[in-house]
Amino acid sequence: MAAETPKMPGPQWFADPQNPAQWRWWDGTQWTDHYAPRETPPGTQARAHVPRIHETPTPTVVLVVFRQLGQSDALARFSREHAYAYTWSLNDPPQIGQWIIVPTYDGHKHAIIGAIGAPADAQGHTLKAVASLVSQAELDKVAAEKGEPLDAYEWVNVTSVGDCQEVLDRKLPYAVQVELFPWERGNSVTARVDGQRVGELPASVATRLHPVLHARRKAGMPPVMVRGEARRGDYVPVYLAVNIPHRDKFAGWIASVTPEGFTRPRPKEEDVNLHALNKYDEELAALFEKYGARTRGIEARIEWTTTPSGKYAGQPMGIVSLDGITFAELHASHPDKWQAIYDDHQTETPGRLLVKFWEHEGRHGAFAVYKPPQPSENQRSAAG
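In UniProt numbering, the protein residues as written are 1 to 384.
What follows is the structure in structure tokens.
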């Protein structure tokens, strides 16, 4: 008869073998770097070592209070005596102040963790298991609906996560710290969780951040870490979103993580997509009449404003004009090809936007090339 396969205990808190004065989270296979203070001894003493096979571990209990989701200062009047107790059945360690969803007699409700304990803290409650966590995206949505200002960050989906499903699935549904790692060749930036690759940053972000990350690595500086969140998807079962500064804050963020003395390499020129041309048919026709199809391009003026409404409200948008005539836009919904222009204007070292007009079967349009500012002698010396 085959011997029974030994099983390790599931994820929960145990006394830290290196410091018995605090709790440490056992994820079911190994110790993690999550800790919690042992303010009161549990009813059944936790083991101060890696649990042996067949040991029955002490369940983790979270004490919660029911609050309206997103309520500010939700733990101001937290009391253990008036809290409800639930067992923690999720793979990630519980955190005080974390919003969760728990089953009640009236269905599932939102609650917030006020304390972490052991079965003795249940105080006679019939224990039920925590159902799920509340994502940061849901908290952001509630804050927006209440008219509260959101922070200057946005969620960006990581790409190429198809072969990283097993790693990401172990992180559901919880916030994680994501390391941004630059590849030696090209402009790719890999997203890593616990040292394991989980995907790539989208090109619109990676190509601008890669040189700085690469310079930090060469200088021996610590990696850049951002907040991330593993989520369930439709086409891909599990995907990862990372929280990075909004487009209008991105240049400042890059500046803050840039190594001292670093001069960011810039391309000699870059094609730029002009948008909303169909709004300016008459203006384009008039400019074509004046300038024709110049091969070298004519320098246009950009006036920066913000999108007044809709999905991209508050994000930067460029108004492109020539001779005082507006004929195109750099639209907020398509920043891939003009973000470098905006960065240069923010640092007050703008380059030149060279426009060429065209005419085809009675229709007029324009396309552009951006030539960034040339570095000064000091900058060239520093880069060399």
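Positions of the beta carbon are idealized from the N, C-alpha and C atoms, including for glycine.
For ILE100 and VAL130, believed in contact at Cβ under 8 angstroms, the rounded distance: Reading the sequence shown from its first residue, position 130 is the one you call residue 130. Reading the sequence shown from its first residue, position 100 is the one you call residue 100. Yes, they are in contact, since the Cβ atoms of VAL130 and ILE100 sit about 5 angstroms apart, within 8 angstroms.
Three-state class that DSSP yields for SER309 in the structure shown: Along the sequence shown, one-based indexing puts residue 309 at 309. Residue state, collapsed to three classes: coil.
Per DSSP, what kind of secondary structure is residue 387 in: helix, strand or coil? There is no way to answer for residue 387, as the model of the chain reaches only from 1 to 384.
Please state if the CB of ASP281 and the CB of LYS337 are separated by a distance shorter than 8 angstroms. In the sequence shown, residue 337 corresponds to position 337, counting from 1. In the sequence shown, residue 281 corresponds to position 281, counting from 1. It is not a contact, given that the beta carbons lie outside the stated cut-off.
Span separating the alpha-carbon of SER188 from that of TYR342: Within the sequence shown, residue 188 is the residue found at index 188, counting from 1. Within the sequence shown, residue 342 is the residue found at index 342, counting from 1. Going from the Cα of SER188 to the Cα of TYR342 covers about 22 angstroms.
Is the CB-CB distance between ILE244 and VAL212 below 8 angstroms? Mapped onto the sequence shown, residue 244 falls at position 244. Mapped onto the sequence shown, residue 212 falls at position 212. No, the pair does not count as a contact, with Cβ atoms beyond the cut-off.
Quick check: the Cα distance between GLN374 and SER321, rounded to an integer number of angstroms? Position 374 of the sequence shown, counted from the first residue, corresponds to residue 374. Position 321 of the sequence shown, counted from the first residue, corresponds to residue 321. If you take the alpha carbons of GLN374 and SER321, they lie about 23 angstroms apart.
Beta-carbon spacing of HIS331, ALA276 below 8 angstroms: As a working note, residue 331 is residue 331 in the sequence shown. As a working note, residue 276 is residue 276 in the sequence shown. Yes, Cβ-Cβ distance for HIS331 and ALA276 is below 8 angstroms.
Comparing C-alpha positions only, which one of TRP183, THR87, VAL161 and LEU353 sits nearest to PRO237? Reading the sequence shown from its first residue, position 237 is the one you call residue 237. Checking every option, the nearest Cα to that of PRO237 belongs to VAL161.
Could you give the uninterrupted runs of the alpha helix (DSSP H) lying entirely in the segment 198 to 266, keeping only those of 4 residues or more? Counting whole runs of 4 or more residues, the segment 198 to 266 contains the alpha helix (DSSP H) stretches 203 to 218 and 247 to 257.
Hey, is the segment 218 to 232 in contact with the segment 307 to 316, meaning 3+ C-beta pairs nearer than 8 angstroms? no
Got a sec? Which residues, its chain only, sit under 6 angstroms from PHE250 by beta carbon, not counting five neighbours each side? On the sequence shown, position 250 is the one that residue 250 refers to. If we look at PHE250 and ignore the five residues flanking it on each side, it has no Cβ neighbours.
Proximity below 8 angstroms, CB of ALA286 to CB of ILE325: Numbered from its first residue, the sequence shown carries residue 286 at position 286. Numbered from its first residue, the sequence shown carries residue 325 at position 325. Contact flag set, yes.
Could you please give the first and the last residue of the uninterrupted beta strand (DSSP E) stretch that includes LYS356? For this step, residue 356 is matched to residue 356 along the sequence shown. First-last of the beta strand (DSSP E) with LYS356: 352 to 360.
Going by other Cβ atoms of all chains shown within 10 Å of its Cβ, with 16 needed for buried, is TYR370 buried or exposed? To locate residue 370, count along the sequence shown from 1; it is residue 370. Burial call: buried.
Could you give the DSSP three-state label for PRO17: helix, strand or coil? The residue given as residue 17 occupies position 17 in the sequence shown. Reduced to three states, the DSSP call for PRO17 is coil.
Answer yes or no: do VAL355 and ILE298 have a C-beta to C-beta separation smaller than 8 angstroms? On the sequence shown, position 355 is the one that residue 355 refers to. On the sequence shown, position 298 is the one that residue 298 refers to. Yes; because the gap between Cβ atoms is below 8 angstroms, this pair is in contact.
Where GLN123 sits in the DSSP three-state scheme: Sequence index remark: in the sequence shown, residue 123 carries index 123 (1-based). It is coil, neither helix nor strand.
What are the residues that DSSP puts in a beta bridge with ASN157? Residue 157 sits at position 157 when you count from the first residue of the sequence shown. ALA241.
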